[in-house]
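Sequences listed follow chains D and P, in order. For what it's worth, my numbering labels the leading residue of the first sequence as 1, then goes sequentially. For what it's worth, my numbering labels the leading residue of the second sequence as 1001, then goes sequentially. All C-beta atoms, glycine included, are put in the ideal place defined by N, C-alpha and C. The structure presented is a predicted model; accordingly, all values stated were derived computationally and were not measured. A quick write-up on the structure given underneath.
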Amino acid sequence: MDMFTAMHNGLVQMGVPLWLANLVPPLVKSLILLLFILLNCMFLIWMERKVAGHMQRRMGPMRTGPHGIIQSLADVIKLISKEDIIPSGVDRWVFVLAPIVAFAPAFAVFMVIPFGPTLIAQDLNIALIFIAALTSFVVISFLMAGWSSNNKWSLLGAMRSTAQLISYEVPLVISVVAVALLAGSLSLQEIVEAQRQSFWYILVQPLGFLVFLTASLAELNRSPFDLSEAEQELVAGYNTEYSGMRWALLYLTEYANLITFAAIASTLFFGGWSGPVLPPVVWFLIKVYFFIFLVMWIRWTLPRIRVDQLMELGWKGLLPLSLVNLAFTGVYVLIR
Amino acid sequence: MQEMVARTESPGIRSEELFVNMGPQHPSTHGVLRVLTRLDGEKVIDAQADIGYLHRCFEKIAEKRQLFQVIPYTDRTDYLAAIHDELVYVMAVEKLLEIEVPERAQYIRFIMSELQRIASHLLWFGTFAMDLGATTAFLYAWRERERLLDIFEAVTGARMLYNYLRFGGVRNDVFDGFESTVERYLKDFEKRLEDYHELVTGNRIFEKRTQGVGVITAEEAIAYGASGPVLRASGVKYDVRKNDPYLLYDRYDFEVPVGQNGDCYDRYMVRMQEMVESAKLVRHGLADMPSGDVMGKVPRRIKLEGDTYARIESARGEVACYLVGDGSDRAYRLKWRSPCFVHLQLLNIMARGGLIADLVASIGSIDIVMGEVDR
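Given below as structure tokens:
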């Protein structure tokens, strides 16, 4: 991006050593992204509670600020000021590391997400592979959290989410591959560009989108697939023993992943930042928030699926569907 | 306490049973139920209920208090359907003392007891849906129950623990406009019930989570002494209201919904249909309610002699009270039959071979109230 090149050049001219100058733009970029994620997550947590409330004929948070808008801020302050508890039976290092391992990839994914024509931290030409690789990282953190907690409920939750994430990763990636086939590129920026020149891929990929949506819900541990933290069954799943900031980090990861999903869904199937009249960033955010709302809507409507039914749906339902979709897309690309 | 069984499934891999202590502080054990669960992976091998966390020595206290002082205690056995427990106790005493209850009081008891059934089933509907992960249905059901509780509050002065029935009648008459209030409520309620069916009943996930889950056969249900919706869901058409009518149940015609498979889904459907029948009965009662006194003639000095057994169909099943008197104004012995206690014995049958999620659904489907289990 031009601004960052200018910043880099300016620093070099001012006599800053080259290695330091090289370090500055990425640091600034990641700080901006981090801020974006944190602010959005805080907003999302408030939004989730409001959406849930209004769907259930409640008000949601109302006391802190107008319509409880700074409720999340209050929560953050509460969580920060809480005692930092590491239960005595846990595997200390793994327990401490797990939230960080969870959050880092969720954060890194935002690097390749195009917010606008030039608003992207790094336009990787293998962005889709990058995303698939990073998002599957979360399994490790869940397993770390569940195992190190030394709690049976945590362990069960971790086992569930591992099985779930691994089996849903496959249809998810295959449904994404179909889009890459259509666009002829793995770069998100080019996929958006390809859609601008033709049409939104949802028109030719309705099945692919459905598979993507379902698999993503499972990847996100969202209802009806929120088995790993099924409150009614597993108390709180893998994060049962977590509290304070560590818990907040796990929670944050969840919402960061939610934004990632919404961003990818709108980029791959709904033309990303492209749209008339309004600036690209606004279009992008509108689409992202639409998908986030969709996920919340689903969450507060459906009951939870059972673990064996989840596996069945993944392997017997989504995987064949995604393969069929891929095959048809291949034929379509050939005769296009 | 439980032996850990190590088994070898394939060379090099050793798997063990997992013993999990579910409760008494667990989100879906409906109070303080503790289930000692042995798991093979997620599969339940054995689930033993451990009870007693809410034991209050109700039966012993009943021996030490004067008869009328026991009525508030009966409220606290099944606190979600308190009228039913008051009713069975009051009926037992009235039977023994041969007290006549005026017609209007009978009607009030009748209407209140059916409204109570609706309130209790509504709460059950909500919590059951929540056990399956559908939180919204819970709050919808709560909304309807809230209005019912308002009606109860207007009549009795309390929302849950009424202390409303008296030997020989009820404490006070209903408020003016009771009929129209209830009528309005029922109209809205029936509309809402359709919403519930739309939100929950037809849902594929809901059906998959409940059909074939926690099956109790008719033989098992009878052998364990199950009653109420649990028994009827297994296909046994037995309802104390029909088989041993009390109050005014012999005067009015109503359906007794029965299931076929005895799974969670059938138990769900039976309760949902029962609410409709209850609404019908309430309408009948409202239409025919006579005017007059609400308290009959009760002797000033009560001497309880002999023994008697009274039973009713509560929201959860057959609640019964065995009362023995020795000529004093206190019960010599009071034995309470609690349907929840009986149904809890079936937990192992329902849960064995299923997954943890099924165990949760099973606990939810028998509509457990720990206050009644432990007394």
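Enclosing alpha helix (DSSP H) for leucine 220 (chain D) [first to last residue]:
No alpha helix (DSSP H) contains leucine 220 (chain D), which DSSP labels as neither H nor E.
Spatially closest choice to arginine 1316 (chain P) from P:Leu1193, P:Ala1049, P:Ala1226 and P:Gly1126, by CA coordinates:
P:Ala1226
Pairwise C-alpha distance: glutamine 1025 (chain P) and lysine 1060 (chain P)
For the pair lysine 1060 (chain P) and glutamine 1025 (chain P), the Cα-to-Cα distance works out to about 27 Å.
State the start and end residues of the unbroken beta strand (DSSP E) segment that holds cysteine 1321 (chain P).
Element bounds for cysteine 1321 (chain P): 1318-1326.
Using a Cβ cut-off of 9 Å, pull out every chain P residue sitting near lysine 347 (chain D), in sequence order please.
With chain D covering only 1 through 336, there is no way to say anything about residue 347 (chain D).
According to a CB-to-CB cut-off of less than 8 Å, which residues of the segment 1187-1214 of chain P neighbour chain D?
Leu1199, Val1200, Asn1203, Ile1205, Phe1206, Lys1208 and Arg1209
Using a Cβ-Cβ cut-off of 7 Å (strictly less than) and excluding sequence neighbours within five positions of valine 173 (chain D), which residues of its own chain qualify?
If we look at valine 173 (chain D) and ignore the five residues flanking it on each side, its Cβ neighbours are Ala132.
With which residues is glycine 1169 (chain P) paired in a DSSP beta bridge?
P:Arg1166 and P:Met1295
Considering only their Cβ atoms, is the gap separating leucine 11 (chain D) from alanine 21 (chain D) smaller than 7 Å?
yes
Given a cut-off of 7 Å on the beta-carbon distance, is the pair isoleucine 305 (chain D) and proline 224 (chain D) in contact?
yes
Taking the C-alpha atoms as reference points, what is the distance between alanine 256 (chain D) and glutamine 205 (chain D)?
26 Å
With DSSP as the reference, please indicate the residues paired to lysine 82 (chain D) in a beta bridge.
DSSP, once it has assigned bridges, lists no residue as partnering lysine 82 (chain D).
Cβ pair count under 8 Å reaching 3, the segment 111-123 of chain D against the segment 47-54 of chain D
In this structure the segment 111-123 of chain D does not lie against the segment 47-54 of chain D, because fewer than three pairs of beta carbons, one per stretch, are closer than 8 Å.
Excluding the 5 residues flanking leucine 134 (chain D) on each side, which residues of the same chain have their C-beta closer than 6 Å to its C-beta?
Pro105, Ala108 and Val109
Quick one: measure Cβ to Cβ for aspartate 1263 (chain P) and threonine 1210 (chain P), integer angstroms, because I've assumed they're closer than 8 Å.
7 Å
Given lysine 1237 (chain P), which residues of its chain have a CB within under 8 Å of its CB, disregarding the five upstream and five downstream residues?
Val1256 and Val1258
For valine 1005 (chain P), count neighbouring Cβ atoms within 10 angstroms of its own Cβ and tell me buried if that reaches 16, exposed if not.
Per-residue confidence for valine 1005 (chain P) stands at a pLDDT of 48, beneath the threshold of 50, marking its modelled position as unreliable; no derived number is given.
In three-state DSSP terms, what is serine 1015 (chain P)?
Strand, per DSSP.
Taking just the CA atoms, how far does threonine 301 (chain D) sit from leucine 319 (chain D)?
Roughly 25 Å between the two C-alpha positions.
Indicate whether serine 274 (chain D) and arginine 196 (chain D) have their beta-carbon atoms separated by less than 7 Å.
Yes, Cβ-Cβ distance for serine 274 (chain D) and arginine 196 (chain D) is below 7 Å.
Could you round the C-beta distance between alanine 194 (chain D) and glycine 184 (chain D) to whole angstroms and report it? I think they count as a contact, below 8 Å.
7 Å
For glutamine 1066 (chain P), which beta-bridge partners are listed by DSSP?
P:Arg1330
How should leucine 278 (chain D) be labelled, buried or exposed, when 16 other C-beta atoms within 10 angstroms of its C-beta is the threshold for buried?
exposed
CA-to-CA distance, valine 170 (chain D) to valine 313 (chain D), given in whole angstroms:
Just to set this straight, residue 313 (chain D) is leucine in the shown sequence, not valine. About 12 Å.
Determine the extent of the alpha helix (DSSP H) in which alanine 52 (chain D) is found, giving its start and end residues.
18-55
When the Cα atoms are used, what is the spatial distance from valine 1319 (chain P) to alanine 1092 (chain P)?
12 Å
If you drop the 5 nearest sequence neighbours on each side, which residues of the same chain put their C-beta closer than 7 Å to that of tryptophan 200 (chain D)?
Phe269, Phe270 and Gly271
Within the 7 Å Cβ cut-off, does glutamate 1042 (chain P) reach chain D?
yes
From asparagine 239 (chain D) to serine 149 (chain D), what does the alpha carbon distance come to, in whole angstroms?
8 Å
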